[in-house]
(Lines of atoms letter the chains of each structure in order from A and count residues from 1; the text may use other names and numbers.)
(Lines give C-alpha, C1' and ligand atoms only; values in the text may rest on other atoms or scores of the structure.)
Protein backbone atom coordinates (compact mmCIF):
# COMPACT_ATOMS: atom_id res chain seq x y z
CA UNK A 1 0.00 0.00 0.00
CA UNK A 2 1.31 3.40 -0.95
CA UNK A 3 2.24 5.47 2.11
CA UNK A 4 0.99 8.61 0.35
CA UNK A 5 -2.54 7.18 0.03
CA UNK A 6 -2.43 5.79 3.58
CA UNK A 7 -1.26 9.16 4.98
CA UNK A 8 -4.05 10.94 3.11
CA UNK A 9 -6.55 8.42 4.51
CA UNK A 10 -5.35 8.93 8.10
CA UNK A 11 -5.36 12.74 7.77
CA UNK A 12 -8.91 12.99 6.40
CA UNK A 13 -12.11 13.20 8.45
CA UNK A 14 -14.59 10.32 8.74
CA UNK A 15 -17.42 10.66 6.19
CA UNK A 16 -19.97 10.25 9.02
CA UNK A 17 -18.80 13.60 10.44
CA UNK A 18 -20.29 15.34 7.37
CA UNK A 19 -23.75 13.82 7.86
CA UNK A 20 -26.51 14.83 7.45
CA UNK A 21 -25.81 16.69 4.20
CA UNK A 22 -28.50 18.54 2.26
CA UNK A 23 -28.72 17.50 -1.38
CA UNK A 24 -29.47 20.43 -3.71
CA UNK A 25 -32.94 20.10 -5.29
CA UNK A 26 -34.28 18.33 -2.20
CA UNK A 27 -33.53 15.65 0.32
CA UNK A 28 -30.75 14.79 2.75
CA UNK A 29 -27.97 12.23 2.88
CA UNK A 30 -28.19 10.95 6.43
CA UNK A 31 -25.82 7.99 6.29
CA UNK A 32 -23.26 6.59 3.87
CA UNK A 33 -21.59 3.19 4.06
CA UNK A 34 -18.67 1.90 2.01
CA UNK A 35 -18.48 -1.75 0.95
CA UNK A 36 -15.23 -3.57 0.30
CA UNK A 37 -15.01 -4.49 -3.40
CA UNK A 38 -13.36 -7.82 -2.51
CA UNK A 39 -15.39 -9.30 0.37
CA UNK A 40 -18.47 -6.98 0.13
CA UNK A 41 -18.40 -6.24 3.88
CA UNK A 42 -19.34 -2.77 5.07
CA UNK A 43 -16.58 -0.56 6.47
CA UNK A 44 -16.88 0.77 10.00
CA UNK A 45 -17.88 4.47 10.05
CA UNK A 46 -14.49 5.59 11.35
CA UNK A 47 -12.73 3.62 8.59
CA UNK A 48 -14.60 5.40 5.78
CA UNK A 49 -12.79 8.73 5.40
CA UNK A 50 -12.56 11.55 2.90
CA UNK A 51 -14.55 14.63 1.96
CA UNK A 52 -18.14 15.52 1.13
CA UNK A 53 -18.64 18.57 -1.09
CA UNK A 54 -21.91 20.21 -2.16
CA UNK A 55 -21.29 21.52 -5.69
CA UNK A 56 -23.94 23.08 -7.95
CA UNK A 57 -26.76 20.52 -8.01
CA UNK A 58 -24.95 17.50 -6.58
CA UNK A 59 -23.17 16.11 -3.53
CA UNK A 60 -19.75 14.62 -4.25
CA UNK A 61 -18.17 12.05 -1.92
CA UNK A 62 -14.44 11.49 -2.47
CA UNK A 63 -12.74 9.19 -0.03
CA UNK A 64 -11.30 5.83 0.94
CA UNK A 65 -12.60 2.93 2.95
CA UNK A 66 -10.54 0.40 4.86
CA UNK A 67 -11.64 -3.22 5.22
CA UNK A 68 -10.39 -4.83 8.43
CA UNK A 69 -10.92 -8.39 7.20
CA UNK A 70 -9.09 -7.97 3.85
CA UNK A 71 -6.63 -5.30 5.03
CA UNK A 72 -7.62 -3.49 1.83
CA UNK A 73 -7.73 0.30 1.33
CA UNK A 74 -10.17 1.11 -1.49
CA UNK A 75 -11.23 4.30 -3.23
CA UNK A 76 -14.79 5.66 -3.14
CA UNK A 77 -15.96 8.35 -5.57
CA UNK A 78 -19.72 9.02 -5.80
CA UNK A 79 -21.90 11.86 -7.04
CA UNK A 80 -25.46 12.09 -5.67
CA UNK A 81 -28.02 14.11 -7.59
CA UNK A 82 -31.82 14.41 -7.39
CA UNK A 83 -33.49 13.77 -10.76
CA UNK A 84 -37.29 13.58 -11.05
CA UNK A 85 -37.67 13.22 -7.28
CA UNK A 86 -35.29 10.26 -7.08
CA UNK A 87 -31.79 10.21 -5.65
CA UNK A 88 -29.36 9.07 -8.36
CA UNK A 89 -25.80 7.95 -7.72
CA UNK A 90 -23.00 8.02 -10.27
CA UNK A 91 -19.97 6.16 -8.99
CA UNK A 92 -16.65 4.78 -10.09
CA UNK A 93 -16.74 0.97 -9.96
CA UNK A 94 -13.81 -1.18 -8.92
CA UNK A 95 -12.86 -1.68 -12.57
CA UNK A 96 -12.63 2.04 -13.38
CA UNK A 97 -16.03 2.14 -15.09
CA UNK A 98 -18.54 4.91 -14.29
CA UNK A 99 -21.95 3.51 -13.35
CA UNK A 100 -25.24 5.27 -12.66
CA UNK A 101 -28.24 4.01 -10.76
CA UNK A 102 -31.02 4.87 -8.37
CA UNK A 103 -30.30 4.65 -4.69
CA UNK A 104 -32.68 3.03 -2.23
CA UNK A 105 -33.46 6.47 -0.78
CA UNK A 106 -36.19 8.69 -2.20
CA UNK A 107 -36.76 12.39 -1.90
CA UNK A 108 -39.46 13.10 0.67
CA UNK A 109 -42.97 14.14 -0.35
CA UNK A 110 -42.59 17.51 1.38
CA UNK A 111 -39.54 18.35 -0.75
CA UNK A 112 -41.46 17.44 -3.94
CA UNK A 113 -44.40 19.64 -2.92
CA UNK A 114 -42.04 22.54 -2.15
CA UNK A 115 -40.45 22.21 -5.59
CA UNK A 116 -43.84 22.04 -7.29
CA UNK A 117 -45.03 25.17 -5.46
CA UNK A 118 -41.76 26.93 -6.24
CA UNK A 119 -42.33 26.38 -9.99
CA UNK A 120 -45.64 28.24 -9.87
CA UNK A 121 -44.46 31.07 -7.60
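Numbering (the numbering used here), first residue to last: 3 to 123.
For every residue, glycine included, the Cβ atom is placed at its ideal position computed from N, Cα and C.
Here the structure is a predicted model, which means the values were calculated and not measured.
Handout entry: Whether residue 69 touches residue 47 by CB criterion (8 Å)
Key = The answer is no: Cβ separation not under 8 Å.
Practice task
Leaving out five residues on either side along the sequence, give the residues of the same chain with a beta carbon under 7 Å from the beta carbon of residue 84.
Solution key: Here the set comprises 25, 27, 28, 29 and 109.
Practice task
For the beta strand (DSSP E) holding residue 27, just list the boundary residues, first then last.
Solution key: Premise fails: residue 27 is in no beta strand (DSSP E) and is neither H nor E.
Handout entry: CA-to-CA distance, residue 49 to residue 32, given in whole angstroms
Key = C-alpha separation (whole angstroms): 17 Å.
Practice task
Have a look at 15, 81 and 67 and flag the residue whose alpha-carbon is nearest the alpha-carbon of residue 42.
Solution key: Taking the Cα of residue 42 as reference, the smallest distance to any Cα among 15, 81 and 67 is reached at 67.
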